[in-house]
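Q: First, the structure itself, so that you have it in front of you.
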Amino acid sequence: MPAKETLMHDRYESLRPGALKPEISGAFQEMHAQPASPADNIGGWSTRASGWALPRYPWMVVDTPEGRCLESTATATVSDNTSIAAGDYDWGDVIVESTCTLLAPGEGWGGPAGVLFRFLDSQRFYAAVVDGDGYAKILRRVESSWDALAWAPVAVAEGKAFDIRVEVIGSHIVADIGPTRLEADDGVLDRGRVGFIGSRPVRFGAIKVTAAAGEAKRVAAERKAAGSRLTAKRKRFGRPVVWKKYDTPGFGPGRRIRLGDLTGDGRPDFLLLHLSSSVSRAAGAMTAMSADGEVLWQLGEPGPPPAEESSGDSPVQIHDIDGDGKNEVVCVWEGEFRVMEGDTGKVKYTAPLPPMQPIPDVFKGSVNHWGAGYSDDGPTMHPSALCFADLAGRGSPRDVLLLDHYHTLAALTPEFKELWRTTCVHGHFAWAYDFDGDGRDSVMAGYQHISPDGKLLGRVCLTDHQDAMYAGPMDAEGKGPAKILMAGGEDGLLVLTPNYDIGQRVMGHVQRLAVGRFREDLPGLCVGTVLFHGNPGIISLFDSTLKKLWTRDYPVAGATLQPVNWDGSGVELMFWSGIRPAQGIAGGLIDGEGELAVPMPDDGGPGFCAFAHDFDGDGLDELMLWDRDRIWIYHTDRDAPSGRRYRPVRPPLWNMSNFQSYWSWPRWE
182 MPAKETLMHD RYESLRPGAL KPEISGAFQE MHAQPASPAD NIGGWSTRAS
232 GWALPRYPWM VVDTPEGRCL ESTATATVSD NTSIAAGDYD WGDVIVESTC
282 TLLAPGEGWG GPAGVLFRFL DSQRFYAAVV DGDGYAKILR RVESSWDALA
332 WAPVAVAEGK AFDIRVEVIG SHIVADIGPT RLEADDGVLD RGRVGFIGSR
382 PVRFGAIKVT AAAGEAKRVA AERKAAGSRL TAKRKRFGRP VVWKKYDTPG
432 FGPGRRIRLG DLTGDGRPDF LLLHLSSSVS RAAGAMTAMS ADGEVLWQLG
482 EPGPPPAEES SGDSPVQIHD IDGDGKNEVV CVWEGEFRVM EGDTGKVKYT
532 APLPPMQPIP DVFKGSVNHW GAGYSDDGPT MHPSALCFAD LAGRGSPRDV
582 LLLDHYHTLA ALTPEFKELW RTTCVHGHFA WAYDFDGDGR DSVMAGYQHI
632 SPDGKLLGRV CLTDHQDAMY AGPMDAEGKG PAKILMAGGE DGLLVLTPNY
682 DIGQRVMGHV QRLAVGRFRE DLPGLCVGTV LFHGNPGIIS LFDSTLKKLW
732 TRDYPVAGAT LQPVNWDGSG VELMFWSGIR PAQGIAGGLI DGEGELAVPM
782 PDDGGPGFCA FAHDFDGDGL DELMLWDRDR IWIYHTDRDA PSGRRYRPVR
832 PPLWNMSNFQ SYWSWPRWE
């Protein structure tokens with residue numbers, strides 16, 4: 182293909198020497214939209230580099246006698262992600278040229294280094310590389326599968342630059358990697374960005390992308406048409422407008438917030454939480470604030486904001502645990518259970534935490550602890566989260582499930598007397614569900630299914646733990662049968678029967694899980710997922726049978742995909758992020774096609790955390806955005822529809838968690 186126009190020629194002059202950082206910074210972007218500083222190196226490049234053994238910022242900008250270069254400092258495996266990309270997702274037939282210098286290897290495996298093309302996200306791309314076995318290769322990656330399309334020995338010397346040139350026309354790929362030429366035919370990916378992969382220490386020179394005349398014009402025309410469709414879509418959905426503003430100086434939290442009726446007036450109030458320490462998950466300070474913004478009471482002294490907000494849970498809920506018709510604050514406070522009046526904070530009763538039982542050595546020798554230890558090194562359980570279930574068949578979920586970080590779950594009465602406990606890989610948050618209709622909930626403690634009496638009903642043995650879980654029907658009518666879905670971290674997306682017969686889709690570290698009616702053209706509910714560790718930011722949507730509908734590459738900005746009833750049509754949107762254009766990226770609601778259908782306004786409002794709820798009771802959801810100093814609530818600029826109202830069933834506020842699934846069952850009134 183004769184190159185006739187230059188699409189990109191980057192000599193990295195917009196960057197400065199030092200670490201090249203992602204658009205969204207911070208270690209806990211899965212729950213917070215924490216933009217990188219304007220002083221950080223970005224320069225149009227998207228770094229999705231992530232892996233358990235990688236440096237935090239493996240990509241560097243360096244000055245050399247030959248000019249400014251990009252350098253990878255990583256020594257990784259193909260399970261890690263060391264990609265960096267720029268350009269246009271719609272580029273098709275292109276020539277990509279750069280230089281590559283292999284540097285001294287680090288300790289570890291080491292993997293491919295070279296040029297990426299037709300890059301859609303960190304799991305879908307082609308690469309022309311020198312691999313760890315000394316071969317030049319054309320690689321294709323789709324999800325967790327790496328395929329070599331062509332390969333041959335290559336003679337390149339460490340420390341000496343060599344050229345890489347890739348020409349891709351339609352399905353035909355020609356790659357010159359140093360002195361070696363490779364050719365392959367593959368039509369799986371037809372367009373995408375360009376960039377580099379650096380799974381070993383390597384240095385890349387300037388990158389140039391050229392194309393036949395008309396490619397830039399084609400891309401511009403497609404982009405214009407897509408922009409017109411998106412503008413019409415956004416006009417149809419309307420805009421968010423500020424409804425309420427609250428100030429929370431000195432006591433505003435990160436993601437740790439609870440909603441519930443504390444005052445008894447039927448409106449949701451706020452409980453703002455701070456940890457007791459960087460190690461403990463118990464609350465160290467809490468502020469109760471009414472729906473009108475009045476501080477009702479405070480307990481403890483909030484500490485200064487952390488440099489980076491943590492993502493863990495807290496063992497605190499708002500719920501009527503004693504059945505008197507009024508909500509209490511139920512929490513672990515100063516090493517004991519405490520039940521307090523919702524409107525005053527006055528203590529109603531306390532109870533000791535359950536004693537800790539040593540975890541058997543055979544369990545410790547067989548199961549990963551995932552960084553938190555086994556939590557059996559003290560006299561009592563180390564509380565991480567609590568939630569409620571109806572184990573006794575009272576008709577009210579007042580029994581307590583107390584979880585430590587990963588392995589012990591204790592079931593307790595409303596008076597905190599222990600009923601039973603289990604040691605298993607329970608993950609972050611339990612789920613209670615009545616599968617047989619007898620009025621008693623069984624408990625899905627992650628990778629174990631437990632009866633109301635504590636008997637094992639089913640289990641799976643996998644390598645990670647569940648980060649979010651759902652149980653219920655997948656048809657829009659709610660007739661069932663019920664299925665169990667799990668965001669299983671490195672274990673992928675899991676679907677199980679109540680007996681724990683399992684189907685598994687290995688697709689990266691599945692962190693978030695949302696279930697709702699996101700598409701009008703499909704009969705059942707859809708499933709949304711967000712990947713994090715390893716391949717952060719990738720969002721996918723599946724139909725009710727878990728067949729993939731689409732995948733998109735989004736920045737990592739606190740995405741929950743929480744279903745949002747925005748227009749009352751019966752088809753919901755998904756809350757991607759509250760981040761604002763002033764922070765560098767426009768957040769908002771995405772639709773069932775993966776497009777940002779309702780962007781957040783650039784009005785100076787907070788964008789650190791986001792949650793949706795029907796605060797005014799009109800059936801439509803409002804959007805709550807907050808940071809440590811303020812809470813703003815938005816509603817649509819359109820009137821609520823008249824006549825029959827769409828009021829979907831949602832997760833109860835008395836079981837809020839940073840690791841809950843976000844689901845919405847269709848319901849019309």
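As numbered in my numbering, the sequence shown has no gaps in its residue numbers, which increase by one up to the final residue, 850. Ideal Cβ placement from N, Cα and C applies to all residues, glycine included. On a predicted model such as this, the values are computed, not experimentally measured, just so you know.
Using a Cβ distance threshold of 8 Å, determine whether the region 462-482 contacts the region 843-850, with at least three qualifying pairs required.
A: Flag = no, the region 462-482 and the region 843-850 do not touch.
Q: Taking the alpha carbon of residue 712 as the point to measure from, which residue in 186, 232, 401 has its own alpha carbon closest?
A: For residue 712, the nearest C-alpha among the options comes from 232.
Q: Looking at C-alpha atoms only, which residue of 734, 791, 554, 730 is the closest neighbour of residue 270?
A: Closest by alpha carbon: 734.
Q: Could you tell me which of 789, 753, 754, 744 sits nearest to residue 762, measuring between CA atoms?
A: Closest option to residue 762, Cα to Cα, is 789.
Q: Which same chain residues, not among the five before or five after residue 615, have their C-beta less than 6 Å away from its C-beta?
A: 622, listed in sequence order.
Q: Which residue spans inside the region 627-695 form an unbroken beta strand (DSSP E) run of at least 3?
A: Segments of the beta strand (DSSP E) lying fully in the region 627-695: 629-631, 637-640, 649-653, 664-668, 674-677, 683-686.
Q: Mind checking whether residue 791 and residue 768 have CB atoms under 9 Å apart?
A: Closer than 9 Å, so yes.
Q: How is the beta strand (DSSP E) around residue 326 delimited, first residue to last?
A: That run of the beta strand (DSSP E) goes 326-334.
Q: Since residue 299 and residue 373 are thought to touch, with beta carbons under 8 Å apart, how far apart are those beta carbons, to the nearest angstrom?
A: With 8 Å as the limit, residue 299 and residue 373 qualify as a contact, their Cβ atoms being about 4 Å apart.
Q: Report buried or exposed for residue 579, applying the criterion of at least 16 other Cβ atoms within 10 angstroms of its Cβ.
A: Under this definition residue 579 is a buried residue.
Q: When DSSP labels each residue in this structure, what does residue 596 get in the three-state scheme?
A: Coil, per DSSP.
Q: Classify residue 412: buried if its beta carbon has 16 or more other beta carbons within 10 angstroms, exposed otherwise.
A: Burial call: exposed.
Q: Would you check if the distance between the CB atom of residue 565 and the CB atom of residue 537 is smaller than 9 Å?
A: No, they are not a contact pair.
Q: Mapping DSSP to helix, strand and coil, what is residue 835?
A: The answer is helix: DSSP assigns residue 835 an H, G or I state.
Q: Report the three-state DSSP secondary structure of residue 764 (helix, strand or coil).
A: Reduced to three states, the DSSP call for residue 764 is helix.
Q: I'd like the span of the alpha helix (DSSP H) that includes residue 259, first residue to last.
A: Residue 259 -> no alpha helix (DSSP H), and no H or E assigned at all.
Q: For residue 850, tell me which candidate among 500, 811, 750 has the shortest Cα-Cα distance.
A: Looking at the Cα atoms, 750 is the closest of the given residues.
Q: Given 8 Å as the limit, is there contact between the region 598-613 and the region 624-639, that is, 3 or more CB pairs closer than that?
A: They touch, by the three-pair rule.
Q: Check whether the region 814-821 and the region 665-682 are in contact - that is, three or more C-beta pairs closer than 8 Å.
A: No: fewer than three Cβ pairs fall under 8 Å.
Q: For residue 365 versus residue 319, is the C-beta distance shorter than 9 Å?
A: Yes, the Cβ-Cβ distance between residue 365 and residue 319 is below 9 Å.
Q: Reducing DSSP to helix, strand and coil, say where residue 428 ends up.
A: Looking at residue 428 - three-state DSSP - the assignment turns out to be strand.
Q: So, with DSSP's three-state summary, where would you put residue 341?
A: Coil.
Q: Alpha carbon to alpha carbon, how far is residue 354 from residue 641?
A: Their Cα atoms are separated by approximately 43 Å.
Q: Going by the DSSP bridge assignment, what does residue 216 pair with across the sheet?
A: Per DSSP, 205.
Q: Candidates 778, 765, 693, 657: which alpha carbon is nearest residue 725's?
A: Taking only the C-alpha atoms, the option nearest residue 725 is 657.
Q: Span of the alpha helix (DSSP H) holding residue 416?
A: Where residue 416 is concerned, the enclosing alpha helix (DSSP H) stretches over 396-418.
Q: If we call anything under 9 Å between Cβ atoms a contact, is residue 349 one with residue 400?
A: Result no, Cβ atoms of residue 349 and residue 400 do not sit closer than 9 Å.
Q: Smallest Cα separation from residue 727: which of 666, 361, 470, 807?
A: Nearest C-alpha to residue 727: 666.
Q: In three-state DSSP terms, what is residue 569?
A: Three-state DSSP puts residue 569 in a strand.
Q: Return the CA-CA distance between residue 702 and residue 774, expressed in angstroms with no decimal places.
A: Distance between the alpha carbons of residue 702 and residue 774 is about 11 Å.
Q: Find out if the Cβ-Cβ distance for the pair residue 746, residue 829 is shorter than 9 Å.
A: Contact flag set, yes.
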